[in-house]
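So the sequence shown is residues 1 to 570, counted in our numbering. Idealized CB from N, CA, C, for every residue including glycine. Since the model is a prediction, treat every value here as computed from it, not as a measurement. What follows is one structure encoded as structure tokens, with my remarks underneath.
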Amino acid sequence: MPYRAPLSEYRFLLEHVVGYPAVAATERFAHADLETAVAILNEAGKLAEEVLAPLRRAGDLAPARLENGVVRTPPGYRDAYQAIAAGGWVGASAPEEFGGMGLPQALTACVHEMMSGACLALQLNPLLTQGQIEALAEHADPAIQATYIPKLASGAWSGTMNLTEPQAGSDVGALRTRAEPAGDGSYRITGEKIYITWGDGDVAENISHLVLARLPDAPPGSRGISLFVVPKLLPGPDGAPGERNALRVVGLEKKLGLHGSPTATMSYEGATGWMIGAPNAGLAAMFTMMNNARLLTGVQGVGIAEAAHQAAVAFAADRRQGRTGGGRGTIDEHPDVRRMLLTMEAEVTAARATLLSCAAAIDQGVATGDPAWRARAAFLTPVAKTMGAETGHHVSHEAIQVHGGLGFIEDTGIAQLARDVRVVSIYEGTSGIQAADLVMRKLADGGEAAEALLDEVSRTAKAARSRFPDLAQAVWTAAESLREVTDWLVQDAEAEDRLAGSLAYLRAFAKVFGARHHLAAAIAEPAVGRRAALAGVYVTRVLPRHAADLAEARAGAGDLAALAPQAMPA
Numbered sequence: 001m002p003y004r005a006p007l008s009e010y011r012f013l014l015e016h017v018v019g020y021p022a023v024a025a026t027e028r029f030a031h032a033d034l035e036t037a038v039a040i041l042n043e044a045g046k047l048a049e050e051v052l053a054p055l056r057r058a059g060d061l062a063p064a065r066l067e068n069g070v071v072r073t074p075p076g077y078r079d080a081y082q083a084i085a086a087g088g089w090v091g092a093s094a095p096e097e098f099g100g101m102g103l104p105q106a107l108t109a110c111v112h113e114m115m116s117g118a119c120l121a122l123q124l125n126p127l128l129t130q131g132q133i134e135a136l137a138e139h140a141d142p143a144i145q146a147t148y149i150p151k152l153a154s155g156a157w158s159g160t161m162n163l164t165e166p167q168a169g170s171d172v173g174a175l176r177t178r179a180e181p182a183g184d185g186s187y188r189i190t191g192e193k194i195y196i197t198w199g200d201g202d203v204a205e206n207i208s209h210l211v212l213a214r215l216p217d218a219p220p221g222s223r224g225i226s227l228f229v230v231p232k233l234l235p236g237p238d239g240a241p242g243e244r245n246a247l248r249v250v251g252l253e254k255k256l257g258l259h260g261s262p263t264a265t266m267s268y269e270g271a272t273g274w275m276i277g278a279p280n281a282g283l284a285a286m287f288t289m290m291n292n293a294r295l296l297t298g299v300q301g302v303g304i305a306e307a308a309h310q311a312a313v314a315f316a317a318d319r320r321q322g323r324t325g326g327g328r329g330t331i332d333e334h335p336d337v338r339r340m341l342l343t344m345e346a347e348v349t350a351a352r353a354t355l356l357s358c359a360a361a362i363d364q365g366v367a368t369g370d371p372a373w374r375a376r377a378a379f380l381t382p383v384a385k386t387m388g389a390e391t392g393h394h395v396s397h398e399a400i401q402v403h404g405g406l407g408f409i410e411d412t413g414i415a416q417l418a419r420d421v422r423v424v425s426i427y428e429g430t431s432g433i434q435a436a437d438l439v440m441r442k443l444a445d446g447g448e449a450a451e452a453l454l455d456e457v458s459r460t461a462k463a464a465r466s467r468f469p470d471l472a473q474a475v476w477t478a479a480e481s482l483r484e485v486t487d488w489l490v491q492d493a494e495a496e497d498r499l500a501g502s503l504a505y506l507r508a509f510a511k512v513f514g515a516r517h518h519l520a521a522a523i524a525e526p527a528v529g530r531r532a533a534l535a536g537v538y539v540t541r542v543l544p545r546h547a548a549d550l551a552e553a554r555a556g557a558g559d560l561a562a563l564a565p566q567a568m569p570a
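Okay, structure coming up:
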């Protein structure tokens, strides 16, 4: 199944919708002006189309496997990974002093979307490495940075994060992995970690694991967690990988999808590691990596959605079935099929723009240090992550529907997209956890960040009134409805009520903010054309669902508390 990088879409959104010119105008990112950005994305697009896309199906049919303690990846993965590394894409956003390109997150998000749409199972590897680079750059001491970051940025080494244990999933504070001081500045790490994406493989010369563990005198819960870097092969005095560390893969998971990506159970048996950051402050350090991964898992959802939409459009333009009252007789002329295809496109555009807007806010926060940009990025991260993931789910399933019976047949490859993308709403905190973070933490500023974003929606609606009065009014009204519920959540709602409606609130916010992007795109179009029409599809067919979301958001927790879940009686 071919894949085409949506390069013209990136350029339009970056230039006209998400504020990239302002990012490139900062001193920090002046080297990545729009024309340079376009050239960079063109090269990444070639990699995605020509190198990665042909491996998507191959990795599904010939999964990663564990043989005599060694993980073997699917045919072609090693060469493709080396192409990713050779192009500098692993360290695209890494600091230049460590060999990276120092690109803004708005550009690396586009690169990762293309890699995800082409071959998500392989893209997971550089995603995790990029996150580890950021964690080490912010929290590690200079010696660790000098040894690890250049190797990671070049792609010579890959990186993972090790949080989950059999008894400690989302409740990371319940982890039991131990870290004993070795007396020489290092630690001996002992414990078992599960669900470790790319925990081992044969594509890079070494693997650097970031592992959460407890010191002997650590306080209980999340306050007693420290972070350690634990390499598969211990670096020698010259930094080259040498002796094998005391860790091993004891199993690979059999998964619904992403068969090409090895998901490992890792056993640490007194493995040598070095602390990153302060004792008992490991969770904060790991969250640097997790926040990067939260954004990019949303990007993964959009990448799969783009691939699924492309496949559905191509199929519908070729498939002849039934009568359409003229035309070519292909199913893309049927009103309901056209509804699916156009709604899919509109949802992909909204989710992509929201993720890029979040990435641009991260870049502005880094470049300017302005707390307002940081607050915007923090608020948008759970919204964008969940929106991207759920767009991937919905669009891939609609693509199956467009294909009809053929969509249910594995040979078409459409079912694989739906299977592969399913996990992204679980990665880095489920949708429910993202929503809880939004209403309990991100609204804790009295709703200031949310109000700033809603003001932006309102300004865009006012700017659109002269050309698109009906669309503008619908978006403005939706923003005001969302503002009312935001005020209720901040001022009046009890904690249990906020949590019971948290995901519905997040989804409403995503729809309204997505509508803002569609209006901005329509305004930027010189003459009324496709973008205005697509905005009409979104505002008419997707945005109205926000009202149902807001009704649920205000429903409270009473009905949930009154009834205990149970299976149907025998």
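- How many Å lie between Tyr195 and Thr391 at the Cα? Distance between Tyr195 and Thr391, taken at the CA atoms: about 24 Å.
- Could you check the C-alpha separation between Leu342 and Arg352 for me, to the nearest Å? 15 Å
- If you draw a straight line from the alpha carbon of Gln434 to that of Leu380, how long is it in whole angstroms? So the two alpha carbons sit approximately 11 Å from each other.
- Query: With contact counted as at least three CB pairs below 8 Å, one residue from each stretch, are the segment 224 to 244 and the segment 297 to 312 in contact?
  - Reply: No, because fewer than three Cβ pairs between the segment 224 to 244 and the segment 297 to 312 fall closer than 8 Å, the two stretches do not touch.
- Message: So, for Ala307: in the same chain, excluding its five sequence neighbours on each side, which residues have a beta-carbon less than 7 Å away from its beta-carbon?
- Response: Tyr3, Gly117, Leu417
- Query: Quick one, are the C-beta atoms of Gly169 and Arg178 less than 8 Å apart?
  - Reply: no
- Message: Given this structure, state the Cα-to-Cα distance separating Ala521 from Tyr538, to the nearest angstrom.
- Response: 12 Å
- Can you list the alpha helix (DSSP H) stretches of 4 or more residues lying completely in the segment 484 to 521, in chain order? 495 to 500
- Near Arg244, what residues of its chain come up, given a Cβ to Cβ distance below 8 Å and the 5 sequence neighbours on each side ignored? Lys232, Leu233, Leu234
- Task: Name the two residues that bound the continuous beta strand (DSSP E) containing His209.
- Result: 206 to 213
- Item | Sheet register partners of Ile194 (DSSP bridge) | Answer by DSSP bridge pairing: none, since Ile194 is not bridged.
- Round the Cβ separation of Leu599 and Val439 to the nearest angstrom and send it over; I've been treating them as touching at under 8 Å. Lying outside 1 to 570, the shown extent of the chain, residue 599 is not represented and no answer is given.
- Message: Beta-carbon within less than 6 Å of Ser158's beta-carbon, same chain only, minus the 5 sequence neighbours each way: which residues are those?
- Response: Asn125, Thr129, Ala204, Ile207
- Short check: CB of Ser431 to CB of Thr386, under 8 Å? yes
- Query: DSSP three-state call for Met114: helix, strand or coil?
  - Reply: Helix at Met114.
- Query: Exposed or buried, what is Gln105 when buried is set at 16 or more other beta-carbons lying within 10 Å of its beta-carbon?
  - Reply: buried
- Task: Please list, in chain order, all residues of the same chain as Gln145 whose beta carbon is under 8 Å from its beta carbon, the five residues on each side excluded.
- Result: Phe98, Leu136, Ala137, listed in sequence order.
- Message: Within 8 Å, do at least three Cβ pairs link the segment 524 to 532 to the segment 405 to 412?
- Response: No, the segment 405 to 412 does not touch the segment 524 to 532.
- Message: Distance check for Gly514 and Ala479, CA to CA, integer angstroms please.
- Response: 11 Å
- Let me know if Asn292 comes out buried or exposed under the rule of 16 or more other beta-carbons within 10 Å of its beta-carbon. buried
- Item | Contact between the segment 549 to 566 and the segment 490 to 507 (3+ Cβ pairs under 8 Å) | The segment 549 to 566, when compared against the segment 490 to 507, does touch it at the 8 Å Cβ threshold.
- Pairwise C-alpha distance: Thr330 and Ala378: 45 Å
- Please name the residue in Leu563, Val421, Thr354, Gly45 whose C-alpha comes closest to that of Leu256. Val421
- Decide if Pro74 is buried, meaning its Cβ has at least 16 other Cβ atoms within 10 Å, or exposed. Looking at its Cβ environment, which holds 16 or more other Cβ atoms inside 10 Å, Pro74 is buried.
- Item | Exposure label - Glu67; buried when at least 16 CB within 10 Å | exposed
- Query: Mind checking Pro572: buried by the 16 CB within 10 Å criterion, or exposed?
  - Reply: Any property of residue 572 remains undetermined from this structure, which presents the chain solely from 1 to 570.
- Local Cβ density within 10 Å of Lys462, reported as buried at 16 or more and exposed below that: exposed
- Task: Kindly examine the ligand ZN and report whether one of its heavy atoms sits closer than 7 Å to the Cβ of Met275.
- Result: The ligand ZN is not among the ligands present in this structure, which contains no ligands whatsoever.
- Task: Tell me the start and end of each unbroken beta strand (DSSP E) in the segment 333 to 372 that is at least 3 residues and wholly inside, in chain order.
- Result: none
- Message: Under DSSP, the beta strand (DSSP E) around Leu233 begins and ends at which residues?
- Response: 233 to 235
- Enumerate, from N- to C-terminal direction, the unbroken alpha helix (DSSP H) stretches of 4 or more residues contained entirely within the segment 378 to 463. Counting whole runs of 4 or more residues, the segment 378 to 463 contains the alpha helix (DSSP H) stretches 414 to 421, 431 to 437.
- Query: Just reading off the beta strand (DSSP E) that Leu66 is part of, what are its end residues?
  - Reply: From DSSP, the beta strand (DSSP E) with Leu66 extends over 65 to 67.
- 8 Å contact criterion, which Met275 and Phe315 should meet: CB distance rounded: Not a contact, Cβ separation roughly 53 Å.
- Message: Assuming the contact rule is C-beta atoms closer than 8 Å, Gly59 and His259 should be a hit. Round their C-beta distance to whole Å, please.
- Response: The pair is a contact, with the Cβ atoms about 6 Å apart (cut-off 8 Å).
- Item | Proximity winner among Asp455, Trp476, Gly76, relative to Ser261 (alpha-carbon distances) | Gly76
- Task: Identify the continuous beta strand (DSSP E) that holds Arg530 and give its terminal residues.
- Result: Where Arg530 is concerned, there is no enclosing beta strand (DSSP E), although the alpha helix (DSSP H) it sits in stretches over 530 to 541.
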